[in-house]
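Residue numbers (mature numbering (1 follows the signal peptide of the UniProt record, and there is no 0)): -21 to -1, 1 to 179.
Here a beta-carbon is modelled for each residue, glycine too, at the ideal position from N, C-alpha and C.
Since we're looking at a predicted model, the values are computed, not measured.
In what follows, a single structure is set out as structure tokens and then discussed.
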């Protein structure tokens, strides 16, 4: 009797362990899926924060285009770009598949490379158009102060795109023709590395 009781206890414990282990494994898979994001989602997250800041730069005028107004906005733009850089580097280290990289913001569909390029281009054009307004409206003394800050923003964009263009085949080919309108701003900022990266 003791033998059968012992066997029964061992079997019960084994089944209990198995029943606990399976949900844990499934939970790990769910967490892994939830932690995987896409390039569109990363850009959308960043530019949800950046867009209103860029819009505020677009409406600068000679009365309010001061260092006290502009410098904090540039700093606020840099923060989501730094987060985006961390996120795209994460995608690179995870070895995410092309289909996952091309997922839409909400993950409901796989975007074409052209659609992703259009999304990225719209974000970049908004940002650099706003920077262009700053370059055009401020005086020489303030411009000398702001150029290094704006250049740093451009370098963050360069670092993000350097990773992204290496992840998605054909993205550079689709993106380059869409960015002609920002060449002048990039040139003024001295962002030669970004111009070369984008073949502009």
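message = Assuming residue 137 is part of the alpha helix (DSSP H), what are its boundary residues?
response = 119 to 146
Residue from 26, 156, 62, 125 with nearest C-alpha to residue 138 = 62
query = Is it a yes or a no for the segment 87 to 94 touching the segment 127 to 136, going by three-plus beta-carbon pairs under 8 Å?
reply = no
inquiry  = My output table needs one value for residue 167: the three-state DSSP class, helix, strand or coil.
reply    = helix
Reference residue 46, options 22, 99, 124, closest by Cα = 124
query = Between residue 71 and residue 78, what straight-line distance do the alpha-carbon atoms span, to the nearest angstrom?
reply = 14 Å
task = Quick one: using the 10 Å Cβ neighbour count with 16 as the cut-off for buried, is residue 178 buried or exposed?
result = exposed
query = Are three or more beta carbon pairs between the segment 31 to 42 and the segment 161 to 168 nearer than 8 Å?
reply = no
message = Pairs of beta-carbons, one from the segment 140 to 147 and one from the segment 106 to 115, closer than 8 Å: are there three or more?
response = no
request  = Can you give me the start and stop residues for the alpha helix (DSSP H) that residue 28 sits inside?
outcome  = 18 to 37
request  = Taking the CB atoms as reference points, tell me whether residue 83 and residue 19 lie closer together than 7 Å.
outcome  = yes
ask   = Just the Cα atoms here: how many angstroms apart are residue 58 and residue 37?
value = 19 Å
key: Secondary structure of residue 82, DSSP reduced to three states   = strand
query = From residue 116 to residue 48, what does the alpha carbon distance come to, in whole angstroms?
reply = 13 Å
ask   = Taking Cβ positions, are residue 94 and residue 150 nearer each other than 7 Å?
value = no
message = Would residue 66 and residue 21 qualify as a contact pair, given that the criterion is a beta-carbon distance under 7 Å?
response = yes
ask   = Going by beta carbon distance, what residues of the same chain come within less than 6 Å of residue 41, once the five residues before and after it are set aside?
value = none
task = Quick one: give me the first and last residue of the alpha helix (DSSP H) that residue 155 is part of.
result = That residue, residue 155, is in no alpha helix (DSSP H); it is neither H nor E in DSSP.
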